[in-house]
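Colleague: Before anything else, here's the structure in question.
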Amino acid sequence: MKMINHTTVIKRMKPRLIINTFFKALFLMATMFGLLVLGILLYRIFTQGIGHLNLQFLQNLPSRKAELAGIKPALIGTIWLMGVVTPITLLLGVGTAIYLEEYAKKNRFTSFIQINISNLAGVPSIVFGLLGLTVFVRALALGTSVLAAGLTMSLLVLPVIIVASQEAIKSVPKQLREASYGMGATKWQTIVRVVLPAAIPGILTGGILALSRAIGETAPLVVLGLPLFLAFLPKSVFDMFTVLPMQIYNWTGRPQAAFQELAAAGIIVLLLMLIIMNSIAVLIRNKFHKRY
Amino acid sequence: MIQAKKQKRSTSSMIEKFVPYLLLFVAVVSVLTTLGIVLTLVFETFTFFGRVSIVEFLTSQKWYPFSEAQGSYGILPLVSGTLKVTLIAAIVAVPIGLASAIFLSEYASDKTRRFIKPILEVLAGIPTIVYGFFALTFVTPMLREIIPSLEIFNALSPGIVIGIMIIPMIASLSEDALVSVPNSMREGALALGSTKLEVSLKVVLPAAISGIMASIVLAVSRAIGETMIVAVAGGSTPNLNWDVTSSIQTMTAYIVQISQGDAGYQTTIYYSIYAVGFTLFLFTLVMNLFAQYISRRFREEY
Amino acid sequence: ACGASGNGTSNGSQTDENKTEQAGEENKQLQGEINIDGSTTVYPIMEAVVEEFGMAQPGVKVAVGTSGTGGGFKAFIGGSTDFANASRPVKDEEKAQLEEKGIKFTEFKLASDGLSVVVNKDNDWVDYLTVDELQKMWLEDGTVKKWSDIRPGWPDEEIKFYSPSTDNGTFDYFDEVILEKQPLVEKATLSAAPNVLVQGISGDKNAIGYFGFAYYAENKDKLKVVPIDNGNGPVEPTHESIESGDYSPLSRPLFTYVKDESVKKEEVYEFLKYTLENAAELSESVGYVKLSDEDYKKDLETLQGLK
Amino acid sequence: MVQGKNSQNETVNKNIVYKTDQLNLWYGENHALKNINLDIYENEVTAIIGPSGCGKSTYIKTLNRMIELVPIVRTSGEISYRGRNIFDKSYGVEELRTKVGMVFQKPNPFPKSIYENVAYGPKIHGIRDKKILDQIVEESLKGAAIWDEVKDRLHQNAYGLSGGQQQRLCIARCLAIEPDVILMDEPTSALDPISTLKVEELVQELKKEFSIIIVTHNMQQAARISDKTAFFLNGEVIEYADTDKIFSMPSDKRTEDYITGRFG
Amino acid sequence: MVQGKNSQNETVNKNIVYKTDQLNLWYGENHALKNINLDIYENEVTAIIGPSGCGKSTYIKTLNRMIELVPIVRTSGEISYRGRNIFDKSYGVEELRTKVGMVFQKPNPFPKSIYENVAYGPKIHGIRDKKILDQIVEESLKGAAIWDEVKDRLHQNAYGLSGGQQQRLCIARCLAIEPDVILMDEPTSALDPISTLKVEELVQELKKEFSIIIVTHNMQQAARISDKTAFFLNGEVIEYADTDKIFSMPSDKRTEDYITGRFG
Ligand SMILES: Nc1ncnc2c1ncn2[C@@H]1O[C@H](COP(=O)(O)OP(=O)(O)OP(=O)(O)O)[C@@H](O)[C@H]1O
Ligand SMILES: Nc1ncnc2c1ncn2[C@@H]1O[C@H](COP(=O)(O)OP(=O)(O)OP(=O)(O)O)[C@@H](O)[C@H]1O
Ligand SMILES: [Mg+2]
Ligand SMILES: [Mg+2]
Ligand SMILES: O=P([O-])([O-])[O-]
């Protein structure tokens, strides 16, 4: 059978190779597009905001006069929010992960929890805002306090840290557990002394990712009804507060160029915080890089 | 020395018994959260439907909740706003995301991939308010240079920016799916004289299709729920049409608008945000379940 | 004792007297929380007051919301706020609800505003609008409105409406005075945030909208204000025309309502006192028109009575 | 003091540590151990040999009930340790495992310091006193013939050690809980010849104080270090006797075939 | 028509398909092929044998330049296919690979229908005509002796086939591009004995039309099906000759040791 003419096949080779090269270039360009946009975005924000970025900006309260305005309450508020979200998510997230990985039997209920977690991860943040508004702000009468917002945000980022912790716990080798059991350790002792220490880097990385998400979110806080103008610092978790994204949102809404620049400066501060947090995550990952 | 100590374990056995229940309780929090969301939404939505007929909600073509006396509550204009933005986002993100995924998994060297992928993922980590700002102050003015009739608030600009935001989701998850296609498949195709492009498009891509589809569905679900970008750059005019140059309102942006001021507690408007939130929740839930279904049901057989 | 302070016309003398008077209190740093919500029109004044007050009393935490006049009253009725700012007087039904809840309150006038109708900077055809034209424009009648429908010779292009939201006092005021309580065009973009309206109008050549004068004053470079003809020729809202009352019918007073019970708290009392003492200067500084000194003096006396 | 049924040896005077009686074990449907009867004696090294998959690891893991970590496992029959049935409800696994130490095929130190690795066992069993801990760590490391190599770096991470050192550290870790029996599942299969030798010597040393059960793939090793040898095949004990006897004149044809390398 | 240097056979009249000349190959620092000289003849089955890691796969993958998928590979020397150096810049790999088909150790059908698997090659090479495609698919499947087993389920997924059928499908897929040479890297090592037999028969059949180079671990297989055999060791060709000769009187001691199973 000679149905394939090899000379035509070879003649057709050239256009096929050209198409290949063309698409390779196209794919490369598509990849570069994302990087380019990222570059433009950062460049725009930095050139717009850098002029306002000074110590005074960090130390001042917000003001109706752009040149006096600062982000202190927002910055402090963000730190307060982190202070509430971190322990809650770590406790709930790691606890859930330990339960699912170490204790839960493989049954329907367990897989239900698992499916539930992945669905929860896909629920829009604004819906969490509605939950927070109804349950924490109204029903529990916490108002627009640090606590109400912190609880809402904790639930929002819970799936992130659960999944990361599960992965981390899963990756602890079986032999380490066996060694511990072999010495007469109980399950809980094994978990606390062997599994968790070995899983810590993964858990912390997940925690930082979750926290980054929490401090960048705006929508749920808008729904909770955080006040627009706030010129004081919270003293306890029951106080009202504002956070960086809210302050940025507030300034974005003002038409004057000076406030747009303030918004950009606020964004720089927010991005710097995120970069620092993510660098810490990378450092942790590298420092604890799997030794077993 | 140890034998003596070996006896005292009553407290530790208490812990052993107690801990699993405690952890179970903690694990149930995530279920309670879902339950809380569903109950909250259902409850208040129910009140809403006590005042506004569900038929009107689903079929009326007008969303004008501001008049307590003769308001009009048809969700379709808000849905159309959401769909417009989502569609534009998908049109931007799917081709670029897929092309990036193919480039990273099939063409790029290991070093390039390890360098580019994390940078690309930074795009997904930028707070959405930043994108909103970017859409309003950069993308919209730029688009207006090209399309003079573009309104200051429109569907196009936030759509494009959301698209950019979800590129890394598609690129990263699809790349994972492509990379997990065994090399033997590529070798088989290359040994037949295929070019790299033919291998990628005709063999690897189809083999990874379920992972890719799942990544797209997830990204689209994310676009549907995106809030700040549309709230800042999309406007607040619910419209039932396919015009992308004029001001729109999405379901999420509506909730933000009302939350910012118009929601008098226990007015119909107040309850309407729950009805809209519930609709939004259903949309994304269906998408998420769908994504899980395709990635499980159509798991590759190699 | 407070009454004496009202004599000075200039702000300088006021503060001078305050100093001597409050010598004891000045040093005493107050603590506490004050919750304010309501009118976006009043917001610029309040923002200024809070900022200045915050410097003198950093221990007092003042949060200001901008839910609009209606939203502010709802929160006020709900009991969660101490003040409700308003760009219209309290409505009867709101009064009834407050009574029902047993909330006693007092009204204070802060300044006068000229509700400003604005168009895009590039709009070169609108020179002025009569009240009738305004009404024709903004009334919902089922048709698509074009500029050429309003006055022949104007462009054959659709008008884009930007209006405060139904929870805003500004909307109520406009609705009452111009539309005589009939429904407003449904195609309008409604937003409770005046800044969104400013952004919208400044980005849209065919746009028209309205809001408190302060927001126009703040964005003069982006917007064009429309003189209004109420039968006596076109009048532009300016400091003088608002003060003199020539800018009619869109001149209106701005209020804040305080919960009587709250005034018993020292920090609220001091805050309100500070507000009244400085309202003249601060409202002028954001673009509104101050009331007469008599008015402020009367207000301060009323406050004294509440203590 | 009872003569093991399968055991054809003459040492009748030694104490029995483990008595396995009609033990059967299933992984789900897979019948992995069939009717095992085996007596293990005090202060001896008992080697378990057999081809891959014959059930050696399964058996040795049953002795300290580590096998229960596999959820699908079912057993029947009885194993008594020092006269008490280990499957007894009242017998806590933790208690059993503190008396029966285990060393695994791949060295599996914890990702902690050398010191912490050895101190782990005593600590979980409630010893807090720093002095006592120091003492236990030193004794155990000495007992595992690794003290001299690590005494200057006790607080460095255990993963800095070589494979052979890691394995001896694991043995030290096991010694630190002062067990009665030590189970070893192919402890040298991941080690180089020199490290293997060191561990073999150590085993000879340890049997003075402990009873040792060792699984090995390496016939020579079994011959070198063990007192008794059990030959497993397809989940059954084919032959169990003094090591000398097994290697010089096995009574079963299959044992002979395996030992001479005809299969496995 | 040239006598291969290493080849000690008498068939001088056959055409040379592949001529390997002083080929060296490195994976980074690892010198995996050392000075290979080897001539492959037309319409013969050439077997390549040798212990694991000796470079068999590396060599066969070099013949169609699949080796270039490993980025760290460097080569020196020359391989000419039908008189043309395949390392030539102007020689497109795609062109080479359409003439030189390859069958892999593990069957690797595409996750498509049986039909699509076979039609894949012709399609990418520009054949669109449904009729011709049908014909090619049928011929190829017949050529790979699998037509009868799959003719009723051409449009079902290839992963429904057994391992042996999948491997023959891969051979059919390779035949569909009508190659000149077929390279096979342990094509039967993942198959059961019966499937192996079928593939072996097929190879015998195919050599009438194609030149076949086959890597195998299985000495018996090499003896059964090949005309010539090359014995690789540590990246070198130790001996290359007629299969009969290699298996009856190898001239190198190492070849003999390997063939008789003394190592490997
Ligand atoms: N976790 C498990 N789940 C199911 N079956 C298992 C499990 N572990 C072992 N088996 C099965 O039990 C049988 C005995 O396995 P075991 O590990 O005891 O063999 P072994 O003699 O230790 O082999 P090797 O020398 O390879 O370590 C085998 O058939 C094995 O497949
Ligand atoms: N991708 C690779 N990267 C680095 N080294 C490799 C790679 N593939 C093979 N090698 C090395 O090259 C040498 C030859 O390997 P090759 O796979 O050719 O052996 P083989 O004879 O095919 O062995 P087997 O019979 O096990 O398939 C080995 O030392 C191997 O470790
Ligand atoms: Mg084993
Ligand atoms: Mg090979
Ligand atoms: O915000 P308002 O002043 O219009 O109520």
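Residue numbers (our numbering), protein chains in the order written: chain F, 1362 to 1653; chain S, 25 to 326; chain H, 1149 to 1455; chain Z, -1 to 262; chain C, -1 to 262. Using N, Cα and C, we set each Cβ at its ideal position, and we do this for glycine too. Just so you know, these numbers come straight off a predicted model, no measurement behind them.
(1) May I ask which residues mark the beginning and end of the beta strand (DSSP E) holding His29(C)?
(2) Are the C-beta of Leu1378(F) and some C-beta of chain C separated by less than 8 Å?
(3) Relative to ligand 4, is the shortest distance from any of its heavy atoms to the C-beta of Glu184(C) smaller than 7 Å?
(4) In chain order, what residues have a CB nearer than 5 Å to some heavy atom of ligand 1?
(5) Quick check on the burial criterion: 16 or more other C-beta atoms within 10 angstroms. Buried or exposed for His153(Z)?
(6) Which chain F residues are close to Lys220(S), counting only those with a beta carbon under 8 Å from its beta carbon?
(7) With 7 Å as the C-beta to C-beta threshold (strictly closer), list the residues of the stretch 293 to 320 of chain S near chain H in chain order.
(8) Quick one: which chain C residues come within Cβ less than 9 Å of Ala133(S)?
(9) Should Arg63(Z) be labelled buried (16 or more other beta-carbon atoms within 10 Å of its own) or exposed?
(10) Give the single residue among Cys172(C), Ala142(C), Ile236(C) whose Cα lies nearest to the Cα of Leu214(S).
(11) Contact check, Val116(S) vs Leu180(S) under 8 Å by CB: the rounded distance?
(12) Just to check my reading of the structure: Ala1355(H) and Asn1316(H) have Cβ atoms closer than 8 Å, yes? What is that Cβ distance to the nearest angstrom?
(13) If you draw a straight line from the alpha carbon of Glu1449(H) to that of Gln1617(F), how long is it in whole angstroms?
(14) Give the residues of chain F in contact with His215(Z), contact being defined as C-beta atoms less than 9 Å apart.
(15) As a quick exercise: from Tyr256(Z), Asn232(Z), Pro248(Z), Glu93(Z), pick the residue whose alpha carbon is nearest that of Pro177(Z).
(16) In whole angstroms, give me the CA-to-CA distance for Asp127(Z) and Leu1442(F).
(17) Should Val1190(H) be listed as close to ligand 5, given that the test is whether its C-beta is under 7 Å from any heavy atom?
(18) Of the residues that make up the stretch 230 to 261 of chain Z, which ones have a beta carbon closer than 9 Å to any beta carbon in chain F?
(19) Any beta carbon of chain D sitting closer than 8 Å to that of Asp1352(H)?
(20) Entirely within the stretch 75 to 103 of chain Z and at least 4 residues each: give me those alpha helix (DSSP H) ranges in chain order.
(21) Considering only residues of the same chain and omitting the five flanking positions on each side of Leu1512(F), which have a CB-CB separation below 6 Å?
(22) Could you name the residues of chain C that Val227(S) contacts, counting a contact when the two beta carbons are closer than 9 Å?
(23) Identify every residue that forms a DSSP beta bridge with Leu231(Z).
(24) Does the beta-carbon of Asn33(C), which I'm using as the reference point, lie nearer than 7 Å to any heavy atom of ligand 2?
(25) Report the rounded CA-to-CA distance for Ala132(S) versus Lys1385(F), giving the unit in angstroms.
(26) With distances taken between CB atoms, is the gap from Pro1401(H) to Ser1260(H) smaller than 8 Å?
(27) So for Glu1442(H), helix, strand or coil by DSSP?
(28) Work out the CA separation of Ser234(S) and Gln20(C) for me, nearest whole Å.
(29) Can you give the Cα-Cα distance for Pro1485(F) and Leu1491(F), rounded to whole angstroms?
(30) Could you name the residues of the stretch 1615 to 1626 of chain F whose beta carbon sits closer than 8 Å to any beta carbon of chain H, in the order they occur along the chain?
(31) Rounded to whole angstroms, what's the CA-CA distance from Ala257(S) to Ser196(S)? Just pull it up for me.
(32) What is the DSSP secondary structure of Ser1506(F), reduced to helix, strand or coil?
(33) Can you name the residues of chain S whose CB is closer than 8 Å to the CB of Thr1337(H)?
(34) Whole angstroms is fine: what's the gap from Ile186(S)'s alpha carbon to Phe157(S)'s?
(35) Taking 7 Å as the cut-off, is the beta-carbon of Phe1419(H) closer than that to any non-hydrogen atom of ligand 6?
(36) For the pair the stretch 1289 to 1306 of chain H and the stretch 1342 to 1351 of chain H, tell me if three or more CB-CB distances fall below 8 Å.
Modeller: Per the coordinate set shown:
(1) As a working note, residue 29(C) is residue 31 in the fifth sequence. It spans 28 to 39 - the beta strand (DSSP E) in which His29(C) sits, taken as one unbroken run.
(2) Along the first sequence, read from residue 1 onward, the residue named residue 1378(F) stands at position 17. Interface with chain C (8 Å Cβ-Cβ cutoff): Leu1378(F) is included.
(3) By 1-based counting over the fifth sequence, the position of residue 184(C) is 186. Yes; taking the cut-off as 7 Å, the Cβ of Glu184(C) has a heavy atom of ligand 4 nearer than that.
(4) Tyr25(Z), Ala30(Z), Ser50(Z), Gly51(Z), Cys52(Z), Gly53(Z), Lys54(Z), Ser55(Z), Thr56(Z), Val68(Z)
(5) Locating residue 153(Z) in the fourth sequence gives position 155, counting from the first residue. Exposed, by the Cβ-count rule.
(6) Position 196 of the second sequence, counting from 1, holds the residue named residue 220(S). Per Cβ cutoff of 8 Å: Asn1381, Lys1385.
(7) none
(8) As a working mapping, residue 133(S) is identified with position 109 in the second sequence. One detail in the question is off: residue 133(S) reads as Ser in this sequence, not Ala. Correct list: Pro69.
(9) Taking the first residue of the fourth sequence as position 1, residue 63(Z) is located at position 65. So Arg63(Z) ends up on the buried side.
(10) Looking up residue 214(S) in the second sequence gives position 190. It is Cys172(C) whose Cα lies nearest to the Cα of Leu214(S).
(11) Along the second sequence, read from residue 1 onward, the residue named residue 116(S) stands at position 92. Along the second sequence, read from residue 1 onward, the residue named residue 180(S) stands at position 156. Val116(S) to Leu180(S), Cβ: 10 Å. No contact.
(12) Start at 1 with the first residue of the third sequence, and residue 1355(H) comes out as number 207. Start at 1 with the first residue of the third sequence, and residue 1316(H) comes out as number 168. With a Cβ gap of about 18 Å, Ala1355(H) and Asn1316(H) do not count as contacting.
(13) Reading the third sequence from its first residue, position 301 is the one you call residue 1449(H). Reading the first sequence from its first residue, position 256 is the one you call residue 1617(F). C-alpha separation (whole angstroms): 39 Å.
(14) One-based indexing of the fourth sequence puts residue 215(Z) at position 217. Taking a Cβ-Cβ cut-off of 9 Å, His215(Z) has no neighbours in chain F, whose nearest Cβ is about 18 Å from it.
(15) By one-based count along the fourth sequence, residue 177(Z) stands at place 179. Answer by Cα proximity: Glu93(Z).
(16) Residue mapping note: residue 127(Z) aligns to position 129 of the fourth sequence, counting from 1. Residue mapping note: residue 1442(F) aligns to position 81 of the first sequence, counting from 1. Going by the C-alpha atoms only, they are around 41 Å apart.
(17) Here residue 1190(H) is taken as the residue at index 42 of the third sequence, counted from 1. Result yes, Cβ under 7 Å from ligand 5.
(18) none
(19) Absent from the structure: chain D. Protein chains present are F, S, H, Z and C.
(20) 91 to 97
(21) Position 151 of the first sequence holds residue 1512(F). If we look at Leu1512(F) and ignore the five residues flanking it on each side, its Cβ neighbours are Phe1497.
(22) As a first step, residue 227(S) must be located in the second sequence, where it is residue number 203. The contacting residues are Phe108, Pro109, Lys110, Tyr118.
(23) Counted from its first residue, the fourth sequence places residue 231(Z) at position 233. Note: Leu231(Z) sits in a beta bridge opposite Glu234(Z).
(24) For the purposes of this step, residue 33(C) is taken as the residue at position 35 of the fifth sequence. For ligand 2, not one heavy atom lies less than 7 Å from the Cβ of Asn33(C).
(25) The count along the second sequence starts at 1 and reaches residue 132(S) at position 108. The count along the first sequence starts at 1 and reaches residue 1385(F) at position 24. For Ala132(S) and Lys1385(F), the distance between alpha carbons rounds to 10 Å.
(26) For the purposes of this step, residue 1401(H) is identified with residue 253 of the third sequence, where counting begins at 1. For the purposes of this step, residue 1260(H) is identified with residue 112 of the third sequence, where counting begins at 1. Yes, the pair counts as a contact, with Cβ atoms nearer than the cut-off.
(27) As a first step, residue 1442(H) is located in the third sequence; it is residue number 294 there, counting from the start. Looking at Glu1442(H) - three-state DSSP - the assignment turns out to be helix.
(28) Within the fifth sequence, residue 20(C) is the residue found at index 22, counting from 1. Within the second sequence, residue 234(S) is the residue found at index 210, counting from 1. If I take the Cα positions, the gap works out to 47 Å.
(29) Start at 1 with the first residue of the first sequence, and residue 1485(F) comes out as number 124. Start at 1 with the first residue of the first sequence, and residue 1491(F) comes out as number 130. Taken atom to atom, the span from the alpha-carbon of Pro1485(F) to that of Leu1491(F) is near 10 Å.
(30) Arg1615, Pro1616, Gln1617
(31) By 1-based counting over the second sequence, the position of residue 257(S) is 233. By 1-based counting over the second sequence, the position of residue 196(S) is 172. Linking Ala257(S) to Ser196(S) through their CA atoms gives a straight-line distance of about 27 Å.
(32) Sequence index remark: in the first sequence, residue 1506(F) carries index 145 (1-based). Ser1506(F) falls in the strand class under three-state DSSP.
(33) Sequence index remark: in the third sequence, residue 1337(H) carries index 189 (1-based). Under the 8 Å cutoff, chain S gives Phe177, Gly259, Ser260, Thr261, Ser271.
(34) Position 162 of the second sequence, counted from the first residue, corresponds to residue 186(S). Position 133 of the second sequence, counted from the first residue, corresponds to residue 157(S). Using only the alpha carbons, I get a separation of about 12 Å.
(35) Judged by which ligands are present, ligand 6 is missing from the structure shown, whose ligands are ligand 1, ligand 2, ligand 3, ligand 4 and ligand 5.
(36) no
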